[in-house]
Amino acid sequence: MDTALALHRFHFAFTVMFHYLFVQLTLGLGFLIFVLKTLALVKRDEHYNDCARFWARIFAVNFALGVVTGIPMEFQFGTNWSRFSRDAGGVIGQTLGMEGLYTFFLESAFLGFLLYGEKMLGRIGHWGSAVAVWIGSWLSAYLIVATDAWMQHPTGYRIAADGQILLTSWWSLIFNEWAAWQFVHTILGGVVTGSFAMAGIGAFYIFLKKSEASARVFLRVGVITGLIAAILVAFPTGDHQGKLVARYQGVTLAAMEGHFVTQPASPLAIIGQPDVNKGRLDNPATVPGALSFMIYGNWTKEVRGLGDFPRDTWPDNIPLLYYAFHIMVGLGTLFILLMGLSAIQLWRGKLAQTKILLWALVLFMPLPYIANTAGWMTAEMGRQPWIIFGLMRTAAGASPHVSSGNALFTLLGFMGLYTLLFLLGLFLIWRILGEGPERHAEAAA
Amino acid sequence: MLPVIWFCIVAVMVAIYVVLDGFDLGAGIVHLCVARDAAERRLVLKSIGPVWDGNEVWLLAGGGALYFAFPPLYASSFSGFYLPLMMVLWLLVLRGIAIEFRNQIDNAVWTPFWDVVFMLASCLLAIFLGAALGNVVRGVPLDANHEFFLPLWTNFLPGKDAGILDWYTVLVGLFSFFTLAMHGALWVTFKTEAALQQRARRVARAAWAGVALFTVIVTLVSFSIQPKLGASFAAMPAGYVFPALALAGLAGSIVFMSREKDGAAFLASCLYIVGMLTSVVFGVFPDVLPANSDPNLSLTITNASASEYGLSVGLAWFIPGILLVIGYFTFVYRKFSGKVTADGGGH
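As structure tokens, then:
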């Protein structure tokens, strides 16, 4: 692969993956803060408001980092992917344009009220700000996902004589079947991140014997939403995503499952290392027929292997795609297990005494970040070698006049700046955790 | 017709961005000279705290509209201006983080550090944004595919070999610096009281002198660098309404400043900015990005616009959306209206 193209790809991948670290927590925590504020209103219990206020402080730091790392993304379609933007901008510019108009204004207008307007707005008004910020972030996610979904599964378009891709149906773009399922799956991934953060911090405070009343609330809310989200993200949403990939991106399905040979009763590989040159998995542990069953509901129907597809349509890094997918699924399974066990103990009123689960909840906090990142890697690497599946190859989409020297310069710039931001974010959130919920028992002005 | 409508929409969105985030940037430029101590610096930050993020969103919303309405212009200009655009993004990141993180810790290292970052980022952003406008006026070497790439600088001459920074675009950058400094100082004057307000008003007045001087110089130079400007005004003298609005704004701002009518002075400054931007846009119309290689290769409203269907369906969602936005902004600005005080609500 030519160096400039590789750099443009890495440039976008690095900046968007970093941005998404903050986005996933916003998606989850925005919802959880709404849950806490609603509980406060409905149960008329001020303690839930104190909890919400504490998490809003963490949310503020995280959201600011999400905003500033998000701005480069909108511009990067133009800077590094100008040919793609020139040809497909008439389509995906619609969803991105809507995102700016409908969601960013909503979030930014009401975030200030959520953080600083509690006294100014009163109970219902402040609750309303929490709703606005939550809805704004989920709506933003929908429009970004719809953009990616169109790239994965283009609909509602035609090609003009000069090669431009013209939108013919706004409805097909917005209500793309792929988008609906990808959105719910993505959102639930974010809720998993938020739930594990909340439950993990609750467990942490139990160990520290600090703010124990709040810690129990964090455990309860975190574990219940965590269990529901962890199950739903796998089934039905993850399952349905897999079926969509099988139907419309057969080569991708084969690659991510390490499925080289078309065969009846296609086996599901639980583990194994793909050897692309030899066309097989080393050290496999497989379940015969399970891949056929997961995709078709039928243990014998054959699933097409990589060998059935032209080599130039194979994703260009099959091992990384395979590992990303398996890491996501493996972690997702562990999440269901941990939240399930925690929920059982919670129901028995014993979670706060079950040290081993509390330890697991603390240690698992970073894992949803890995799972979400791995999931996006699966989606984007799976789509290769296409930037628009079946329509435009990635190699054809990059900015032709931006040299590798320039791309490397800005990549290094972003890496340096983002390292600084990451350390700052960790530092500030650690301080807030150190202060604990009691510090925020009074409403900010 | 639709391309012209969308051209106006994008132009208005960009103008709103400059008027709104312009005062955030201006406040950043002046805050270390108008505020004498930590309490006053905090007040300056408070005056923009609840609104700066929403103001900045106009850049993204405008960029998004540009993307779907004029995809070749978006693609060509963003990749052609690659390096400075990336630097603008880094500066926006630093400016945003400086504002949001400044109050997280209260000590003698943290707060001044972020204040200086805020100031430097704001100054550089004002200059870069002005230089960008200068490039649009001077034109860029578009090829047969309507693409180009310019290095950050070459020999600083605005000829065929120009880089993004040449003496003309740097001049426009400095012009923008003074304009936004005045604009920000007027906002701070409007939102504060006592000694802080007096100092802000003095800085605004000093900046006004720079703005007036640059208005004359840059206008004259621009007409000679870009003959299209003169041709456009000659062909349609009704276009002189735009510079007339700018002059009214410029005059109004100094008059109201002297009478200490701060709200009116700020609004006059808004009028000045809008007048100047619309004058530029009128001057290059119907080009959206003039080519200084071969004029036939310029990107125009017609050759850069998306399909009829896309533009019309865009209007269908744009109109309700912009009405909602006007609602949010009215709500936010009203709730946070009045002078900022040390113990009042806000950042």
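Here the protein sequences come in this chain order: A and B.
Residue numbering for the first sequence follows our numbering, starting at 1127 and increasing by one per position.
Residue numbering for the second sequence follows our numbering, starting at 264 and increasing by one per position.
C-beta: ideal position from N, C-alpha, C; glycine also.
Margin query: On the DSSP letters alone, give me the boundaries of the alpha helix (DSSP H) that GLY1384/A sits inside.
Written below: Premise fails: GLY1384/A is in no alpha helix (DSSP H) and is neither H nor E.
Checklist line | Status (buried if at least 16 other CB within 10 Å, exposed otherwise) for LEU1489/A | finding: Under this definition LEU1489/A is an exposed residue.
Checklist line | Partner residues on chain A for SER385/B, Cβ-Cβ distance less than 9 Å | finding: Under the 9 Å cutoff, chain A gives no residues; its nearest Cβ is about 15 Å from SER385/B.
Notebook entry, point to check: Is DSSP giving LEU413/B helix, strand or coil here?
Noted result: When DSSP states are grouped into helix, strand and coil, LEU413/B belongs to the coil group.
Margin query: Counting beta carbon pairs with one atom in the stretch 360–370 of chain B and one in the stretch 1258–1266 of chain A, are three or more of them shorter than 8 Å?
Written below: By the C-beta criterion, the stretch 1258–1266 of chain A is judged not to be in contact with the stretch 360–370 of chain B, since fewer than 3 inter-stretch pairs fall below 8 Å.
Check: Taking Cβ-Cβ distances shorter than 8 Å, what residues in chain B pair up with ALA1235/A?
Finding: Within chain B, the residues near ALA1235/A are GLY317, TYR591, PHE592, PHE594 and VAL595.
Next item on the list: Under 8 Å by Cβ, that's how I've got SER1208/A and SER342/B pegged, so tell me the actual separation to the nearest angstrom.
Entry: With 8 Å as the limit, SER1208/A and SER342/B qualify as a contact, their Cβ atoms being about 4 Å apart.
Check: Per DSSP, what kind of secondary structure is ASP1408/A in: helix, strand or coil?
Finding: ASP1408/A: strand per DSSP, three-state reduction.
Item checked: Partners in chain A for SER570/B, counting only beta-carbon separations shorter than 9 Å -> Result: GLY1216, ALA1286, GLN1290, LEU1292, LEU1293 and THR1294.
Next item on the list: Tell me whether THR563/B sits in a helix, a strand or coil according to DSSP, three-state version.
Entry: If DSSP states are grouped into helix, strand and coil, THR563/B belongs with the strands.
Notebook entry, point to check: In whole angstroms, what is the alpha-carbon distance linking LEU1151/A and GLY1320/A?
Noted result: One alpha carbon belongs to LEU1151/A, the other to GLY1320/A, and they sit about 5 Å apart.
Note to self: Is there a C-beta anywhere in chain A that falls below 7 Å from the one on GLY326/B?
What the structure shows: So, interface residue.
Check: Listed from N- to C-terminal order along the chain, which residues in the stretch 521–552 of chain B have their beta-carbon within a distance smaller than 9 Å of any beta-carbon of chain A?
Finding: For the stretch 521–552 of chain B, the set of positions with a beta-carbon nearer than 9 Å to some beta-carbon of chain A is empty.
Item checked: Neighbour list for TRP353/B in chain A, Cβ cutoff strictly below 7 Å -> Within chain A, the residues near TRP353/B are GLY1539 and LEU1543.
Notebook entry, point to check: Measuring CB to CB, does THR1388/A end up less than 7 Å from ARG1430/A?
Noted result: Yes, these two residues count as a Cβ contact at 7 Å.
Notebook entry, point to check: Nearest-angstrom Cα distance between ASP406/B and PRO1526/A?
Noted result: In this structure, the alpha-carbon of ASP406/B lies about 12 Å from that of PRO1526/A.
Next item on the list: Return the chain-ordered ranges of every alpha helix (DSSP H) run that is complete within the stretch 1184–1258 of chain A and spans a minimum of 4 residues.
Entry: Complete alpha helix (DSSP H) runs here, min 4: 1208–1224 and 1231–1242.
Next item on the list: With GLN460/B as the anchor, note down where its alpha helix (DSSP H) starts and where it stops.
Entry: DSSP places GLN460/B in the uninterrupted alpha helix (DSSP H) bounded by 457–488.
Margin query: Closer than 8 Å is the cut-off here; do at least three beta carbon pairs connect the stretch 1342–1356 of chain A with the stretch 1320–1334 of chain A?
Written below: Result yes; three or more Cβ-Cβ pairs closer than 8 Å.
Margin query: Does ILE1291/A come out as helix, strand or coil in the three-state DSSP assignment?
Written below: In the displayed model, ILE1291/A falls within a strand according to three-state DSSP.
Margin query: In this structure, how does DSSP classify MET264/B when only helix, strand and coil are distinguished?
Written below: Taken through DSSP and simplified to helix, strand or coil, MET264/B comes out as coil.
Next item on the list: Please look up how many angstroms separate the CB atoms of ALA1395/A and THR1378/A, rounded, as I've assumed it's under 8 Å.
Entry: With a beta-carbon spacing of about 15 Å, ALA1395/A and THR1378/A fall beyond the 8 Å limit used to define contacts.
Next item on the list: Determine whether the Cβ of LEU1227/A lies closer than 7 Å to any Cβ atom of chain B.
Entry: Yes, its Cβ sits closer than 7 Å to a Cβ of chain B.
Notebook entry, point to check: Curious, which full-length alpha helix (DSSP H) runs of at least 4 residues does the stretch 419–459 of chain B contain?
Noted result: Qualifying alpha helix (DSSP H) stretches, in chain order: 430–454.
Check: Using the rule of at least 16 other Cβ atoms within 10 Å of the residue's Cβ for burial, across every protein chain shown, is MET1507/A buried or exposed?
Finding: It is buried - the Cβ of MET1507/A has at least 16 other Cβ atoms within 10 Å.
Notebook entry, point to check: Counting contacts by CB-CB distance shorter than 7 Å, is TYR431/B in contact with chain A?
Noted result: With its beta carbon at least 7 Å from every one in chain A, TYR431/B lies outside the interface.
Notebook entry, point to check: In this structure, does DSSP put MET1518/A in helix, strand or coil?
Noted result: Of the three classes helix, strand and coil, the one that applies to MET1518/A here is strand, per DSSP.
Margin query: With the cut-off set at 7 Å, would you say HIS1279/A and TYR1374/A are in Cβ contact?
Written below: With contacts defined by Cβ atoms closer than 7 Å, HIS1279/A and TYR1374/A form a contacting pair.
Next item on the list: Measure the alpha-carbon distance for PHE592/B versus ALA1235/A and round it to whole angstroms.
Entry: About 7 Å.
Next item on the list: Report buried or exposed for ARG1170/A, applying the criterion of at least 16 other Cβ atoms within 10 angstroms of its Cβ.
Entry: Per the 10 Å Cβ criterion, exposed.
Item checked: For GLY1243/A, the nearest candidate out of SER532/B, TRP450/B, VAL314/B and PHE529/B (CA to CA) -> Between GLY1243/A and the set SER532/B, TRP450/B, VAL314/B and PHE529/B, the nearest pair of CA atoms involves VAL314/B.
Checklist line | Cβ shell of ALA1571/A (< 6 Å), same chain only, five flanking positions each side left out | finding: With a pLDDT of 40 at ALA1571/A, under the threshold of 50, the predicted position of this residue should be treated as unreliable, though the coordinate-derived value follows. Result list for ALA1571/A: LYS1245, in chain order.
Next item on the list: Verify the CB distance criterion: does PHE584/B have a CB-CB separation below 7 Å to chain A?
Entry: Here the sequence assigns Gly to residue 584/B, which means Phe is not the residue at that position. Yes, its Cβ sits closer than 7 Å to a Cβ of chain A.
Next item on the list: Report yes if the C-beta distance between SER542/B and PRO506/B is below 7 Å; otherwise report no.
Entry: Against a cut-off of 7 Å, the Cβ pair of PRO506/B and SER542/B comes out as a contact.
Margin query: For a quick check, are the C-beta atoms of GLY473/B and PHE453/B less than 7 Å apart?
Written below: Going by C-beta atoms, GLY473/B is not nearer than 7 Å to PHE453/B.
Margin query: Am I right that LEU428/B and LEU415/B are in contact with their C-beta atoms under 8 Å? What's the rounded C-beta distance?
Written below: The C-beta distance from LEU428/B to LEU415/B rounds to 6 Å, short enough to fall under 8 Å.
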